[in-house]
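Asker:
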């Protein structure tokens, strides 16, 4: 199966556009609130750990994504293998 015809149930809860998540949140507004909360945590990490020696390379951004979203998504800090657009 092409990545462009991937079964949506692999990414989203059945009959919804809400991504499957570790907290089993199925209300989009609650999910968006949780993502905002986690983004603040990610911003804090970024701010506290930023230095002149910070290398903005691929591994740094994967780490930042993992730190930000690992509480919510299994794919945090990893490349996804399906097209979600």
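Residue numbers (our numbering): 3 to 87.
Where a beta carbon is used, it is the ideal one built from N, C-alpha and C, also for glycine.
Chain B beta carbons: is any one of them nearer than 8 Å to that of residue 59?
Answerer: The question asks about chain B, but that chain is absent: this structure has only one protein chain.
Asker: Leaving out the 5 sequence neighbours to the left and right, which residues in its chain are closer than 7 Å to residue 41 when beta-carbon positions are compared?
Answerer: Around residue 41: 70.
Asker: Comparing C-alpha positions only, which one of 13, 78 and 12 sits nearest to residue 61?
Answerer: Nearest C-alpha to residue 61: 78.
Asker: Could you tell me the boundaries of the alpha helix (DSSP H) in which residue 42 lies?
Answerer: Per DSSP, residue 42 belongs to the alpha helix (DSSP H) from 30-51.
Asker: Do residue 33 and residue 13 have their C-beta atoms closer together than 8 Å?
Answerer: Not closer than 8 Å, so no.
Asker: So, residue 48 versus residue 66, is the Cβ gap smaller than 8 Å?
Answerer: Yes, the Cβ-Cβ distance between residue 48 and residue 66 is below 8 Å.
Asker: Measuring only the C-alpha atoms, how far is residue 16 from residue 81?
Answerer: C-alpha separation (whole angstroms): 23 Å.
Asker: Would DSSP call residue 14 helix, strand or coil?
Answerer: Residue 14 falls in the strand class under three-state DSSP.
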